[in-house]
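As C-alpha cells, the structure follows; a few thoughts come after it.
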Amino acid sequence: MLAMWEGSSAGGDLQEGGDRTIFAQVLDRATGKALSQKVTVDKSVVGNRYQALKPFPDGSVAYLSKGSTVTSVKVVRFFGC
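Residue numbers in the sequence shown follow UniProt numbering, run continuously in steps of one, and reach 81 at the last position.
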C-alpha cells in the first residue's frame, strides 16, 4: 500500500507553495508497518489538500499535479518492485 502525505514547517491554512513537502512510503496493507523508507517527492510537484492517487492494473499508482503553465500537468507515477 502506498501512503502519501504533505508536511510543512509553516502553520495555519496552507497555501500551495514551497513550504509544503510531499512524502511517500510503502506500507504493509494488513499491518500498516513500513516496508520502505519515507521518500521526498520532487519539489516541482505541487501538493493539494485533496490528493487523489490513481491505481493502474500493473500495480503502479499515479498522482497528478499542476504543471509549470496553466495548460500543463505533472504526473508522478510510483511503480512497485
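Cβ atoms here follow ideal geometry from the backbone N, Cα and C, with glycine treated the same way.
These numbers come from a predicted model, not from an experiment.
The C-alpha of D42 lies about 17 angstroms from the C-alpha of L2.
Annotation for E6: R20, I22, G47 place their beta carbon closer than 6 angstroms to its own, counting only its chain and skipping 5 residues before and after. Residue environment: Y63 is assigned as buried (16 or more neighbouring CB atoms within 10 Å of its CB, all protein chains considered).
According to the DSSP assignment, V61 belongs to the beta strand (DSSP E) that extends over 61–66. Residue pairing of K74 in beta bridges, as defined by DSSP: S65.
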